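Listed in order, the protein sequences are those of chains A and B. Letter by letter, the first sequence follows residues 1 to 139 of the working numbering. Letter by letter, the second sequence follows residues 1001 to 1139 of the working numbering. Heads up: the structure comes next, in structure tokens.
There are 2 protein chains.
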Amino acid sequence: MAGDAPLSTSFSDWQARGFDAAACPVRNVLDRIGDKWTTLVLTALAAKPRRFNELHRIMPDISKRMLTQTLRDLERDGLATRHVFPTKPPSVEYRLSPLGQSVLAPLGALVEWADRNYATIREARARFDAAAELRSGPN
Amino acid sequence: MAGDAPLSTSFSDWQARGFDAAACPVRNVLDRIGDKWTTLVLTALAAKPRRFNELHRIMPDISKRMLTQTLRDLERDGLATRHVFPTKPPSVEYRLSPLGQSVLAPLGALVEWADRNYATIREARARFDAAAELRSGPN
DNA sequence: CGGGATCCTGCAAGATACTG
DNA sequence: CAGTATCTTGCAGGATCCCG
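Rendered as structure tokens:
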């Protein structure tokens, strides 16, 4: 598999240069991806631009506060843009920037991996938990 | 760009079937990737198997507690395996399972994206913050 | 060496209420 | 409609000590 070569080599590169986790680009960006909602919002915006409440309706289990914050972060990072239409009442549309669109491919690959291997992972978890229960509380 | 088609279509698929965030495979898996340390540990194990304190030495800013927990989670999900050698004192080696190795490619793609676009993102942030400061506190 | 057990703290994030 | 403001809490995660 060719995919892992870049990862391991880049790791030894970072190591060699003295690794600073706080300034690490990868951490910095992956922290966002790992955000509870970022990936979901990105995905929702992938299809087409959407308005605030439209997003909220699509993802009912995110609070307005968190949706606002997630969108702000995306805007701040230049992944999404915000367009206000001064209608009555006001409507605000969010859309992916070119940069935002460019992350869809790698992100999509990861999502696809997650989808394909979820069953396997669930089985692994079940086995692990069963084994752990035997060890600690075989009542 | 062909990469975003899968993402947006899979999103509408989820939508159509009634979307449950708690059971969402993607969330479930990406939560792990988003963990503070998971990606880093995965990357460290990509090159070769490593022992506990070896990992700790490589990543000094992770506490033993968190390293243990991260490794346990990886083991639980079937991404890594744990091998105990009953020497004196004991030594424990962690290595990626085939499943763990299979995530390196998509994860690597994302890491590469992060690396390539980090400068752009930093600039976007700086611009956004400067603009925000003008709006709120132009003293 | 490779952890487990415990204590403690800050901040992420939900709930609720208000506004232009 | 599209947010902000404030309060409150859970729990991730660091520090510390102990153990086989």
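The C-beta atom is built at its ideal place from N, Cα and C for all residues, glycine as well. Fair warning: this is a prediction, and the values are worked out from it, not measured in the lab.
Item to check | Alpha-carbon to alpha-carbon, S91/A and V84/A | outcome: Translated into positions along the first sequence, residue 84/A becomes position 84. Translated into positions along the first sequence, residue 91/A becomes position 91. So the two alpha carbons sit approximately 6 Å from each other.
Checklist entry - Using a Cβ-Cβ cut-off of 7 Å (strictly less than) and excluding sequence neighbours within five positions of L40/A, which residues of its own chain qualify? => result Your numbering for residue 40/A matches position 40 in the first sequence. Same-chain partners within the cutoff: M59.
Checklist entry - Between G1078/B and the rest of its own chain, which residues show a CB-CB distance below 7 Å, the 5 nearest in sequence each way excluded? => result Here the question's residue 1078/B lines up with position 78 in the second sequence. These residues qualify, in order along the chain: S1097, L1099.
Next on the checklist: So that I know if they touch, is there some Cβ in chain B lying closer than 7 Å to that of G3/A?
Outcome noted: Residue numbering aside, residue 3/A sits at position 3 when the first sequence is read from its first letter. The pLDDT assigned to G3/A is 48, lower than 50, so where the model puts this residue is not dependable; a value taken from the coordinates is nonetheless given after this. Chain B, which has a Cβ nearer than 7 Å to the Cβ of G3/A, makes this yes.
Item to check | L110/A (DSSP reduced to helix, strand or coil) | outcome: Position 110 of the first sequence, counted from the start, is the residue given in the question as residue 110/A. Three-state result, L110/A: helix.
Next on the checklist: So that I know if they touch, is there some Cβ in chain B lying closer than 7 Å to that of V92/A?
Outcome noted: Your numbering for residue 92/A matches position 92 in the first sequence. Closer than 7 Å: no.
Next on the checklist: Here's the rule I'm using: 16 or more other beta-carbon atoms within 10 Å means buried, otherwise exposed. How should L1107/B be labelled?
Outcome noted: By 1-based counting over the second sequence, the position of residue 1107/B is 107. Buried.
Checklist entry - In whole angstroms, what separates the C-alpha of K64/A from that of E112/A? => result Mapped onto the first sequence, residue 64/A falls at position 64. Mapped onto the first sequence, residue 112/A falls at position 112. Rounded to whole angstroms, K64/A to E112/A spans 28 Å at the Cα level.
Checklist entry - Taking just the CA atoms, how far does K48/A sit from L134/A? => result Along the first sequence, read from residue 1 onward, the residue named residue 134/A stands at position 134. Along the first sequence, read from residue 1 onward, the residue named residue 48/A stands at position 48. Approximately 50 Å between the Cα atoms of the pair.
Item to check | Pairwise C-alpha distance: P1089/B and R95/A | outcome: The sequence position of residue 95/A within the first sequence is 95, counting from 1. The sequence position of residue 1089/B within the second sequence is 89, counting from 1. Approximately 57 Å, taken between the alpha carbons.
Item to check | Three-way DSSP call (helix, strand, coil) for S102/A in this model | outcome: Position 102 of the first sequence, counted from the start, is the residue given in the question as residue 102/A. S102/A: helix per DSSP, three-state reduction.
Checklist entry - Which one of L1030/B, D1073/B, Y1118/B has the shortest CA to CA distance from A132/A? => result Your numbering for residue 132/A matches position 132 in the first sequence. Considering only alpha carbons, the answer is D1073/B.
Item to check | Proximity test, Cβ basis, 7 Å: F1128/B and chain A | outcome: Within the second sequence, the letter at position 128 stands for residue 1128/B. Chain A contact via Cβ: present.
Item to check | chain B within 7 Å of R135/A, Cβ atoms only | outcome: Mapped onto the first sequence, residue 135/A falls at position 135. No, its Cβ sits nowhere closer than 7 Å to a Cβ of chain B.
Item to check | Contacts of A46/A in chain B (Cβ-Cβ under 8 Å) | outcome: Numbered from 1 along the first sequence, position 46 holds the residue referred to as residue 46/A. Per Cβ cutoff of 8 Å: D1004, L1007, S1008, F1011.
Item to check | Bridge-paired residues (DSSP) for A80/A | outcome: Counted from its first residue, the first sequence places residue 80/A at position 80. According to DSSP, A80/A bridges with L96/A.
Checklist entry - Could you give the C-beta distance for A1044/B and L30/A, rounded to a whole number, given that I count them as a contact under 8 Å? => result The residue labelled residue 1044/B in the question sits at position 44 within the second sequence. The residue labelled residue 30/A in the question sits at position 30 within the first sequence. Between L30/A and A1044/B the Cβ distance is about 15 Å, and since that is not below 8 Å, they are no contact.
Item to check | Beta-carbon contacts of I1033/B that lie in its chain and below 8 Å, excluding the five residues immediately before and after | outcome: In the second sequence, residue 1033/B corresponds to position 33, counting from 1. The residues are T1039, L1107.
Checklist entry - CB R1076/B to CB F128/A, shorter than 7 Å? => result The sequence position of residue 1076/B within the second sequence is 76, counting from 1. The sequence position of residue 128/A within the first sequence is 128, counting from 1. It is a contact, given that the beta carbons lie within the stated cut-off.
Checklist entry - Name the residues in the segment 105 to 132 of chain A whose C-beta lies less than 7 Å from a C-beta of chain B; which are they? => result A105, P106, L107, G108, A109, L110, V111, E112, W113, A114, D115, N117, Y118, T120, I121, A124, R125, F128
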